[in-house]
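Scroll down for the structure; my scribbles are underneath it.
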Amino acid sequence: MTGDGPFAGDGALTGDGPETGDRPLTAPRWLDEVTLRRMVESDLVTRVALPPGDRPLVDPGAVILPGDTLLEHLRDRRIDEVDVKALEADRPLAGSRWAPVPGRRRRDRGAEGELLAPLPGRGSRWRLVTGEHRVAVSAVVGGTVVEVRPGAEIRLRVDGLALRGAFAAGAPARGRLELATDPFGDLRPGGIDVGRAGSILVVGSRIDAEALTRARAMGVHGIVVASLPGKELRDFQASERRQRAALHQLEPFGVLVLDGALRRPISTPVTTLLEHLAGREVALLVDPPALVFAAEASELPVVPADWVRVRSGPNAGAEGRLLGLAGLRRFAAGVHLEAASVAFDGEPPVDIPIGDLERLA
Amino acid sequence: MSNHTRAFVTVDRGTATTAVAIVGPVAGRLRLLGATAGPAGIPEDALLERVRRRLTDADPGLATALGLDAEGAAAGLRRLVATTAPPPQLVVIAATERVVRPLAAIAETAGWRVRTLVIDGAEILAVATALADRRVDAILAGASDPPGAHERPLIGDLGTLVASATERRPDLVTVLAGGLATPGGRTEALFRPDRPGPTVLAPSAAVGDGVPLRSLLDGLRGGEADGRRALSAATETLATVLRRRVEVVEIGCSGGARVVAGWQPGEAAEVHWASVAGAALLPRAFTDATLDAVIGWLTLPLDRLRVRDRLRELAVAPWADAAGDGAVLRLAAARAALGRLLDLTPAMDDLPAPDLLVAAGGAWQVAPGPAVALALADVVRRPGIRALGLESARLLAPLGTIEDPGERAAIVADLRDDILVPLGSVILPAGMRPGRSAGMLRVTGAGGATDIDLVPGGIELVDLAPGERAAVDLRFRDAVDVGVRARHVAAEVVGGLGGLLVDLRDVPLHLPGRLEPRRELLAAWQAASWPGMDR
């Protein structure tokens, strides 16, 4: 990935592109009519699934660091019936933990787990979710625990900034960010080897399921890509399901898709940001889809107010300068849409539907 | 909105797009001065400024008179705002499939995204996990009233599982219906009275054809200015003002609505309406059947994988890619969604056919009017003669938020010529014998008379400009169904962007099963009604 785009620069990613002289850094009011997307956001809240039986190991308000254990996941959930009468006078709540009193001879000796629901008409008998095989699930990102809902989720407000994606698949992961291709490129399966183990790879415009599964097998922790077609997504998800069912699981592996299903390059400001972050530890989150990293605000690229990217349509992926609003224009198929005039690379301006454009800030 | 002498703004906040309009007094009555729409993330004031700018350019005198000649002046106008939020998720749970089905059918038309669970034969752990899912906003647990013999052994588990879910999530809204809803009964006693979420007792699905239960469920979601609820109120007013039977079919990004408002002289308008999450342009539960339904209406030679990817893109940015192939794809998805809306509201098919059918919602807004008229005729296959309209400025929902019916009626009466874009009229006879001329149609308008041979299986388009009226005289060889069964029918029709559509195709519409001939047939029908479209 070369650094000759309009946002390239050494060190801090500031700069307003090649035509810096007259480009506004504050937006004139008419620019409000074009969708503005925040490139990064702070105070992101991520969710970690906590199905019945999984045991949370954190409390609300706890501050955690990457690698801290969040919960104990039951791999072989099953239901037992236990008598909770002897434990306490008050009726326990569903979702609370239960363990037999030590040292007693009981049929339910050894059963420990989460109370699911009382058995109807059976007095103090409860259904208990329990199992034998437990694995610790660690946080891939630091932050503060906002809420713990037994049987549902743990919510965590993450430390650092987040680059949001369109969707994600797989599992949350953490690793060293590496750039594998340029923003327009494809990553082929042959291009991934064990030298990439432990990394989160930025792979340009698209990737296929074969390359994803190979990356996972080579120990790569995650992939960041501009687009992922539905077929590749489904093939990868099927592979993930098989992988999760296996006894010996590989490291968590996630895919973050920045834009959508149709091919387009990663936008220049995002590429610039990712280039700057290369070599740093980052976290890839699935819910919500995001790449979380530690950076100062001054390290973020400054995007000129009139910079615009074509998100959809025949010019998808192109970037240019917004020159002004063009009003209602007739486009292909006789459709009338609000348009803006955009200049691409010094070419004569063209009118593009406003709905197809996005600005970044 | 106490008087009609000042301009005001309407805002329809959808999940994908926001529509704004400026309404103001012109020559003693309120008129629509301008309207526009943009992606939901665009500030409303930016959209308003766009409308104000155009008004100033088009009629500086009027803009000055209304105080709208200065930048930002529109932002200070009073606003009527309707908001449509993504539908919340409701888990409908019962002991058996037979009990859960009618409950789910009612909930689906009350604006909820529905997931059904059945205790009979299910793994308890899977049911409990589904109930604890963080995406669940409410639970509807029901039983027959009184519970049947097949349910009774399972009622205990049903009650304890739902009660346990509320112990995990005390804020969960819980509705107990039918046999579970005995006040102070065994099931209600399982729920802690001090939890923050309400436990609501509801009638069974069988009471009043499910209307009381549906009404209760509808009241549990959305805010006071819920767009779909407001659309219902405004449609009722529109029917009263127009003195017509009006049906509105709304297709939006997160759901759809069907409103039928009848009008009888001297009587209050009768309104039936349903808000259906499954009728979204792209429903959250997007299955292969959903994809097949879109492909079934598509005239583009795209393979399944490509269509799925295009639809996924549409879900990510519903306002984007609206020209060219994107417009065709969107209209195919809108047809499929309209089909789901009709399928999920079969009871409304038994009501008398409307005089005016209105397309509303963001899904219809980018296609040319005649193409929307054809789409309505393609999917709504009720025999009869009716006018077609498009609610392009999206005024209805904001107007529906006006609480005083009298004031709402006065404003709608003023705006009666502006609320709808006339798409034309459709004549849709059913029961013709295929293969030969079924009769003759004479259309007598301002430009003279036109005779058309009624050949079953095709579509005839007659130019009839917006606002123009014409007399139609239909003479069939055999009696056919045109709302009534007759051989000779005379009626008056109104023109519109699509003119007069004489739809002689099958009722219901039969299309070739194979994709290629089906596409060609759809493209041939579409060619005449979509100027600028080459396939």
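If you're matching them up, the sequences are chains A and B in order. So for the first sequence, this note's numbering puts the first residue at 1; every next one is plus one. So for the second sequence, this note's numbering puts the first residue at 1001; every next one is plus one. From the three backbone atoms N, C-alpha and C, an ideal C-beta is built for every residue, glycine too.
- prompt: What three-state label does DSSP hand A/V342 in the structure shown?
  reply: As a position in the first sequence, residue 342 of chain A is number 342, starting the count at 1. A/V342: strand per DSSP, three-state reduction.
message: Is the separation between the beta-carbon of A/V145 and that of A/L161 shorter than 7 Å?
response: Residue numbering aside, residue 145 of chain A sits at position 145 when the first sequence is read from its first letter. Residue numbering aside, residue 161 of chain A sits at position 161 when the first sequence is read from its first letter. Not a contact, by the Cβ cut-off of 7 Å.
message: Measuring straight from C-alpha to C-alpha, what distance separates B/P1383 and B/L1331?
response: One-based indexing of the second sequence puts residue 1383 of chain B at position 383. One-based indexing of the second sequence puts residue 1331 of chain B at position 331. A direct Cα-to-Cα measurement between B/P1383 and B/L1331 gives close to 23 Å.
task: Using 10 angstroms around the beta-carbon of A/T69, count the other beta-carbons present and answer buried if the total reaches 16, otherwise exposed.
output: Walking along the first sequence from the start, residue 69 of chain A turns up at place 69. It is exposed - the Cβ of A/T69 has fewer than 16 other Cβ atoms within 10 Å.
message: Measuring alpha carbon to alpha carbon, tell me which residue in B/T1017, B/P1170, B/V1023 is nearest B/R1006.
response: Within the second sequence, the letter at position 6 stands for residue 1006 of chain B. Residue B/V1023 is the option with its Cα nearest to B/R1006.
- request: Taking B/L1344 as the reference, give the member of B/A1019, B/W1319, B/D1417, B/G1255 with the closest Cα.
  value: Here the question's residue 1344 of chain B lines up with position 344 in the second sequence. Per the Cα distances, B/G1255.
field: the stretch 176 to 188 of chain A in contact with the stretch 198 to 214 of chain A per 3-pair CB rule at 8 Å
entry: With contact defined as three or more Cβ pairs closer than 8 Å, the stretch 176 to 188 of chain A and the stretch 198 to 214 of chain A are in contact.
message: Quick check: the Cα distance between A/G21 and A/F167, rounded to an integer number of angstroms?
response: What you label residue 21 of chain A is simply residue 21 of the first sequence in a count that begins at 1. What you label residue 167 of chain A is simply residue 167 of the first sequence in a count that begins at 1. Residue confidence for A/G21 is low, a pLDDT of 42 falling below 50, so the modelled location carries little weight; the figure read from the coordinates is stated next. Straight-line Cα distance between these residues: approximately 37 Å.
query: Which partner residues does A/T130 have in the DSSP bridge list?
result: In the first sequence, the residue the question calls residue 130 of chain A occupies position 130. Looking at the DSSP assignment, A/T130 forms a beta bridge with A/R78, A/G113.
- request: Pick helix, strand or coil for B/R1006, following the three-state DSSP scheme.
  value: As a working mapping, residue 1006 of chain B is identified with position 6 in the second sequence. It is coil, neither helix nor strand.
- request: Could you check what DSSP says for B/A1082 in three-state terms: helix, strand or coil?
  value: As a position in the second sequence, residue 1082 of chain B is number 82, starting the count at 1. Correct three-state label for B/A1082: strand.
task: Using a Cβ-Cβ cut-off of 7 Å, state whether A/S312 counts as contacting chain B.
output: Here the question's residue 312 of chain A lines up with position 312 in the first sequence. Any Cβ of chain B closer than 7 Å to the Cβ of A/S312 would place that residue at the interface, and such an atom is present.
Beta-carbon proximity check, B/D1012 vs B/P1398, cutoff 7 Å: Within the second sequence, residue 1012 of chain B is the residue found at index 12, counting from 1. Within the second sequence, residue 1398 of chain B is the residue found at index 398, counting from 1. Taking 7 Å as the Cβ cut-off, B/D1012 and B/P1398 qualify as a contacting pair.
query: Quick one: does B/T1096 have its CB under 7 Å from some CB of chain A?
result: Residue numbering aside, residue 1096 of chain B sits at position 96 when the second sequence is read from its first letter. No, because no Cβ of chain A sits closer than 7 Å to the Cβ of B/T1096.
query: Using the C-alpha atoms, what's the distance from A/T46 back to A/I200?
result: If you number the first sequence from 1, residue 200 of chain A lands on position 200. If you number the first sequence from 1, residue 46 of chain A lands on position 46. Spanning the alpha carbons of A/I200 and A/T46 requires a straight line of approximately 19 Å.
- request: Go to B/W1525, then tell me how far its alpha helix (DSSP H) extends in each direction, as first and last residue.
  value: Position 525 of the second sequence, counting from 1, holds the residue named residue 1525 of chain B. Looking at the DSSP string, the run of the alpha helix (DSSP H) that includes B/W1525 is 1515 to 1529.
message: Any beta carbon of chain B sitting closer than 7 Å to that of A/L360?
response: Position 360 of the first sequence, counted from the start, is the residue given in the question as residue 360 of chain A. Not one chain B Cβ lies under 7 Å of A/L360.
task: Look up B/G1532 in the DSSP assignment and say whether it is helix, strand or coil.
output: The residue given as residue 1532 of chain B occupies position 532 in the second sequence. DSSP places B/G1532 outside both helix and strand once states are collapsed to three, so it counts as coil.
query: DSSP on B/D1288, reduced to helix/strand/coil?
result: The sequence position of residue 1288 of chain B within the second sequence is 288, counting from 1. Of the three classes helix, strand and coil, the one that applies to B/D1288 here is helix, per DSSP.
message: Assuming B/P1370 is part of the alpha helix (DSSP H), what are its boundary residues?
response: Walking along the second sequence from the start, residue 1370 of chain B turns up at place 370. Taken as a continuous stretch (DSSP letters only), the alpha helix (DSSP H) holding B/P1370 covers 1369 to 1379.
- request: From the DSSP output, read off the bridge partner residues of A/F253.
  value: For the purposes of this step, residue 253 of chain A is taken as residue 253 along the first sequence, with counting starting at 1. Answer is none; A/F253 lacks a bridge partner.
- request: With DSSP collapsed to three states, give me the class of A/W307.
  value: The sequence position of residue 307 of chain A within the first sequence is 307, counting from 1. In the structure shown, the three-state DSSP call for A/W307 is strand.
- prompt: What in chain A is Cβ-close to B/L1305, meaning under 8 Å?
  reply: Residue numbering aside, residue 1305 of chain B sits at position 305 when the second sequence is read from its first letter. Chain A residues near B/L1305: P229, G230, K231.
query: How about A/V335: is its C-beta nearer than 7 Å to some C-beta of chain B?
result: Translated into positions along the first sequence, residue 335 of chain A becomes position 335. Interface residue (Cβ-Cβ distance to chain B less than 7 Å): A/V335 is classified as such.
- prompt: Can you tell which of A/R330, A/S267, A/P349 has the C-alpha that lies nearest to the C-alpha of A/A318?
  reply: What you label residue 318 of chain A is simply residue 318 of the first sequence in a count that begins at 1. Closest by alpha carbon: A/S267.
message: Please report whether the beta-carbon of B/R1381 lies at a distance below 7 Å from any beta-carbon of chain A.
response: Taking the first residue of the second sequence as 1, we reach residue 1381 of chain B at position 381. B/R1381 does not count as touching chain A.
- request: Measure how close the beta-carbons of A/V158 and A/V141 come, nearest whole angstrom, since I'm counting them as under 8 Å.
  value: As a first step, residue 158 of chain A must be located in the first sequence, where it is residue number 158. As a first step, residue 141 of chain A must be located in the first sequence, where it is residue number 141. Yes, A/V158 and A/V141 are in contact; Cβ-Cβ is about 5 Å, under 8 Å.
task: Note down, in chain order, all residues in the stretch 136 to 161 of chain A with a beta-carbon under 8 Å from any beta-carbon belonging to chain B.
output: Among the residues of the stretch 136 to 161 of chain A, those with a Cβ less than 8 Å away from any Cβ of chain B are R149, P150, G151, A152, E153, in the order of the chain.
task: Answer yes or no: does any C-beta atom of chain A fall closer than 7 Å to that of B/D1378?
output: Position 378 of the second sequence, counted from the first residue, corresponds to residue 1378 of chain B. Interface with chain A (7 Å Cβ-Cβ cutoff): B/D1378 is excluded.
task: Return helix, strand or coil for A/G21, following the three-state DSSP convention.
output: Looking up residue 21 of chain A in the first sequence gives position 21. Caution is warranted here: a pLDDT of 42 is assigned to A/G21, below 50, making its placement in the model unreliable, and no coordinate value can be reported.
query: Leaving out five residues before and five after A/R263 in sequence, what residues of the same chain have Cβ atoms less than 7 Å from its Cβ?
result: By one-based count along the first sequence, residue 263 of chain A stands at place 263. The residues are S205, R206, S227.
query: Cβ of B/G1159 within 7 Å of Cβ of B/S1275?
result: Counting from 1 along the second sequence, the entry for residue 1159 of chain B is found at position 159. Counting from 1 along the second sequence, the entry for residue 1275 of chain B is found at position 275. At least 7 Å separates the beta-carbon of B/G1159 from that of B/S1275.
- prompt: Between B/R1243, B/T1083, B/E1097, which lies nearest to B/A1413 when the distance is taken from Cα to Cα?
  reply: Start at 1 with the first residue of the second sequence, and residue 1413 of chain B comes out as number 413. Comparing Cα positions, the closest option is B/R1243.
- request: Return the chain-ordered list of same chain residues with a C-beta closer than 6 Å to the C-beta of B/A1387, the five sequence neighbours on each side being excluded.
  value: On the second sequence, position 387 is the one that residue 1387 of chain B refers to. Its chain contains L1356, S1425, V1494 as the residues whose beta carbon lies nearer than 6 Å to that of B/A1387, once the 5 sequence neighbours on both sides are disregarded; these appear in chain order.
query: With C-beta atoms as the reference, is B/L1047 less than 7 Å away from B/V1091?
result: Here residue 1047 of chain B corresponds to residue number 47 of the second sequence, with the count starting at 1. Here residue 1091 of chain B corresponds to residue number 91 of the second sequence, with the count starting at 1. No, the pair does not count as a contact, with Cβ atoms beyond the cut-off.
message: Taking its Cβ as the centre, do 16 or more other Cβ atoms sit within 10 Å of B/D961, making it buried, or is it exposed?
response: Lying outside 1001 to 1535, the shown extent of chain B, residue 961 of chain B is not represented and no answer is given.
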